[in-house]
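As structure tokens, the structure follows; a few thoughts come after it.
In the numbering used here, the protein residues as written are 178 to 274.
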């Protein structure tokens, strides 16, 4: 499970089997963990209309629907990425670096 609650556009709980792939992207000077899901409509259906608008705007700009910024958290970016990669590898899901 990945649970995203750190931003105004957070989507909450994402089951591992909903994740299609992850990758690391740069947004300005920040590294961000980008998450693609298999069923974007299912994700959009369970979040508020305001959050839906943010995600749809991101998609129009070719940004991922879900992006995790670790910069303000008290954890190491590479540690978080490693944990997510390990969990996805356990489930034979795709990890893009």
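Idealized CB from N, CA, C, for every residue including glycine. Since the model is a prediction, treat every value here as computed from it, not as a measurement.
Please state whether DSSP places residue 214 in a helix, a strand or coil. One-based indexing of the chain shown puts residue 214 at position 37. If DSSP states are grouped into helix, strand and coil, residue 214 belongs with the strands.
Just to confirm the assignment, what range does the beta strand (DSSP E) spanning residue 244 have? Mapped onto the chain shown, residue 244 falls at position 67. Note, residue 244: beta strand (DSSP E), 243-246.
Under a three-way DSSP split, which group does residue 225 fall into? Sequence index remark: in the chain shown, residue 225 carries index 48 (1-based). DSSP places residue 225 in coil when its eight states are reduced to three.
Who pairs with residue 204 in a beta bridge, going by DSSP? Within the chain shown, residue 204 is the residue found at index 27, counting from 1. 207.
Mind the definition here: the region 221-235 touches the region 191-210 only if three or more C-beta pairs lie below 8 angstroms; say whether that holds. no
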